[in-house]
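Residue numbers (this note's numbering): 3 to 195.
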């Protein structure tokens, strides 16, 4: 059940986050960078609300590894979660390719800077994402609940989800147009020009 929820959640995120730029390209920039960022941020919110209590809604191999490294997720389950996340990303890419061909280049992440600059930016943005997620989701001193449980305090749960969404939107706005930031290693396997 956990792996199924993780698959569905990752599929929804990759599908939504990549469909926004594809639709933007298809319709000559009507969605804009803000619209693309909102696609990803709202997808994260929807998935965390719908599957977070089942699988933890990691949605990203980096998050899974960070949770395991911080002893908030069993290392034994890490390979299965990563396999599911990569599989869901590839499946989402194939569905997008079938639905939007020949407008796929809008959803491909190709940096507009050197590979070294793109790596540094991706590293920094991923660090910020993981810093916020691990602080909000695992540190009981910062938040009285975690991703594996439905929040006891409804307002605290909403605050936690808003923080994750703001990080996602800022990540897209700040890094998206410079180096085609995905901060989703699994989606790199799915990029198809």
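Quick reminder that beta carbons are idealized off the backbone N, C-alpha and C, glycines included.
Here the structure is a predicted model, which means the values were calculated and not measured.
- prompt: Under a Cβ-count criterion, where at least 16 other Cβ atoms within 10 Å of its own Cβ denotes burial, should residue 116 be classed as buried or exposed?
  reply: exposed
query: Between 132, 119, 126, 101, which lies nearest to residue 20 when the distance is taken from Cα to Cα?
result: 101
task: Thinking residue 201 and residue 55 are a contact (beta carbons under 8 Å), I'd like their distance in whole angstroms, please.
output: For residue 201 there is no data in the structure shown, the boundaries of the chain being 3 and 195.
message: Here's the rule I'm using: 16 or more other beta-carbon atoms within 10 Å means buried, otherwise exposed. How should residue 75 be labelled?
response: buried
- request: Identify which residue in 65, 96, 112, 89 has its Cα closest to the Cα of residue 133.
  value: 65
Inter-stretch contact at 8 Å, needing at least 3 Cβ pairs: the region 78-91 / the region 41-48: no
- prompt: Does the distance from the CB of residue 52 to the CB of residue 22 come in under 9 Å?
  reply: no
- prompt: Who are the near neighbours of residue 3 in its chain, counting only those whose CB is closer than 7 Å to its CB and skipping five residues on each side?
  reply: 56
- prompt: Can you tell me whether DSSP reads residue 59 as helix, strand or coil?
  reply: coil
Terminal residues of the alpha helix (DSSP H) in which residue 15 lies: 4-28
Residue 104 burial status per 10 Å Cβ neighbour count (16 or more: buried): exposed
Chain-order list of residues whose beta-carbon lies under 6 Å from that of residue 77 (same chain, five-residue window excluded): 70
Secondary structure of residue 129, DSSP reduced to three states: helix
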